[in-house]
Amino acid sequence: YKKSFNGFVALLTEEEMHKIAGMEGVVSVFRNDKLQLHTTRSWDFMKSESFKDDGFGPPPSKWKGFCVTSSNFTCNNKIIGARYYRSNGEFEEEDIRSPRDTDGHGTHTASTAAGGLVSMASLYGLAEGTARGGVPGARIAVYKICWSDGCQDADVLAAFDDAIADGVDIISLSVGGSPKDYLHDPIAIGSFHAMKNGILTSASGGNYGPNIGTISNVAPWFLSVAASTIDRKFSTKVQLGNKMIFEGISINTFDPLKMYPMIYGGDATNKTRNYTGSSRFCTGNSLDSNLVKGKIVLCDARTSGKAPFLAGAAGTVMRSKLLDGYADSYPFPAALVRAADGNNIADYINSTRNPIASIFKTNQLNDTLAPYVATFSSRGPSSITGDILKPDLTAPGVDILAAWSQGAPVSSVKEDKRRVPYNIISGTSMACPHASGVAAYIKSFYPSWSPATIKSAMMTTGIALIFILFIRTSNLHKQCLTFVFFFLT
């Protein structure tokens, strides 16, 4: 790294690492760990309506970056830069060696921050409306750092090094890992040098809530973003053969063709493949396809639905103590229900000779309680610097519709063959680009403002939400006031 800061990547023994760390002028030496995308779940921009360059002239003269083109990727006057990084040179079979997105995450976040206006956007009719990014007139530069096995620290630093030298105005980063001290945290290091060059970094806070002290990106010089709800939620109903109806959560775009036989996952153990564990959670190869094929499977955990789907099931109903308030897509009809409702469904299965059920298509409802912080959104305080409040603010990050890669399935199951131009997902990864868009909007009016000034303007003009938080300690209940800042674009 020599453009924006000094450093290098090397293959060292433990002894060599400690020896270099003790040398004069060396600030820190740390392992090349992996970070993860902050979605509860990099892109072919040129086929997305959100990234058309109609009305855009050539890139500004200050732009120093370039585009790594390939047979399946090129840039335009909207997408003016694109690179990819893989420091160890190792690729999996599903990895495409270009800036193209095969996951959907990069497409979704980029269009949220700066996508153009697209009318009648939806996911099979859900959340239909005009899709637009925070600043449709902004240009985008892509730095692909994540692959099928995660995002390496060395690649994060390389992307920061290039982005700063290229002349970007705002950096939006929806990845993270376990909190580290600032001298060993690639995001803290990269964003510090960005800040020195007048560039604000907006980073996602992580999806490890609601436990306290779980926020991952905590350096004081960048913007840490939590996720909150919007006034839209999704409801998926399950009807049993006895006419009982239970309301669950999911994004189910499949029409119910009929009532299907129902079976409890715990009664469908895959003994033919010598599976000895419990099949009630419906994971791995635990289910016997001969027993679940063509049936709706009741499972005791929230999963991706991959196991029953590959086993040939007609759908799945999952019961969970914590619904988390966000809806997932599945490769077949599915619904997540409360534990109590799941118990009633289990009782029906056990007391009925031929239990049947149907999973209805998802309905869109108005959430009158919104906005509130999502259950999954990581909470403070910072485990590194406890006297600095984090996260800084919260932005929409639940059930967000945005552009999607045609190289990625709708659900997290790669065997899902559906392809869509727009998808609905959740996470602080989705909240971060909302804040990035606001920062870019402010920067466009006040180009001389420092990152700290932009961050301050966002935090001090947000709407303060006050919640009552009950903390249980032994047999006592302590009531605390929790203040969360919300900024809606």
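Heads up: the sequence shown at position 430 corresponds to 430 in full-length UniProt numbering, and the numbers run straight through without jumps.
The C-beta atom is built at its ideal place from N, Cα and C for all residues, glycine as well.
None of these values were measured; they are calculated from a predicted model.
When beta bridges are read from the DSSP output, residue 366 appears opposite 232. The shortest CA-to-CA distance from residue 191 to any of 369, 223, 255 and 181 is the one to 223.
In this structure, residue 205 sits near residue 227, with a CB-CB distance shorter than 9 Å. Closest by C-alpha distance to residue 110, out of 95, 130 and 140, is 140.
If you ignore the 5 residues before and after residue 174, its C-beta comes within less than 6 Å of the C-beta of 38, 109, 204, 429 and 432, all in its own chain and listed in chain order. Going by DSSP, residue 318 is part of the beta strand (DSSP E) stretching over 315-320.
The count of Cβ pairs closer than 8 Å, one atom from the segment 248-259 and one from the segment 344-359, reaches three, so the stretches are in contact. Annotation for residue 396: 227, 228, 229, 230, 371, 430, 431, 434, 488 and 489 place their beta carbon closer than 8 Å to its own, counting only its chain and skipping 5 residues before and after. Nearest to residue 424 by C-alpha distance, out of 177, 253, 449 and 95, is 253. Around the CB of residue 448, fewer than 16 other CB atoms lie within 10 Å, so the residue is classed as exposed. DSSP lists 320 as the beta-bridge partner residues of residue 338. By the CB criterion at 9 Å, residue 157 and residue 27 fall outside the cutoff.
Looking from the CA of residue 349, the closest CA among 453, 240, 56 and 364 belongs to 240.
Spatial neighbours of residue 62 in its own chain (CB-CB distance under 8 Å, excluding positions within 5 residues in sequence) are listed in chain order as 167. Distance from the Cα of residue 309 is smallest, within the candidate group 320, 318, 293 and 245, for 293. For residue 136, the closest C-alpha among the options 124, 115, 388 and 366 is that of 115. Distance from the CA atom of residue 93 to the CA atom of residue 86, rounded to whole angstroms, is 14 Å. The shortest CA-to-CA distance from residue 272 to any of 247, 90 and 290 is the one to 290. Using a Cβ distance threshold of 9 Å, residue 335 and residue 238 count as a contacting pair.
Sequence-distant Cβ neighbours of residue 436 in its own chain, meaning closer than 6 Å and more than five residues away, are 113, 170, 172 and 202.
Residue 331 and residue 426 do not touch by the CB rule: their CB atoms are close to 18 Å apart, not below 8 Å. Residue 50 sits close to residue 133, with the two beta carbons spaced by under 9 Å. Shown here for residue 124: same chain residues with a beta carbon closer than 6 Å to its own, the five before and five after excluded, namely 253 in chain order. Per DSSP, residue 208 is not a residue of any alpha helix (DSSP H), being assigned neither H nor E. Scanning its chain for C-beta atoms nearer than 6 Å, with the 5 sequence neighbours on each side dropped, one finds around residue 402 the residues 108, 111 and 112, in chain order. In terms of Cβ geometry, residue 326 and residue 416 do not form a close pair [threshold 9 Å]. In the DSSP assignment, residue 246 falls outside any alpha helix (DSSP H) and within the unbroken beta strand (DSSP E) covering 245-248. Three or more Cβ pairs closer than 8 Å define a contact, and the segment 270-284 falls short of that threshold against the segment 374-389. Each of 266, 9 and 159 was checked against the Cα of residue 316, and the nearest Cα belongs to 266. Contact between residue 59 and residue 77 holds, with the beta-carbon distance rounding to 7 Å and staying under 8 Å. In the displayed model, residue 359 falls within a strand according to three-state DSSP. Per the coordinates, the alpha-carbon of residue 392 lies some 12 Å from the alpha-carbon of residue 216.
If you look at residue 311, you'll find it isn't in any beta strand (DSSP E); DSSP assigns it neither H nor E.
Straight-line measurement puts the Cα of residue 23 at about 15 Å from the Cα of residue 12. Shown here for residue 142: same chain residues with a beta carbon closer than 6 Å to its own, the five before and five after excluded, namely 82 and 99 in chain order.
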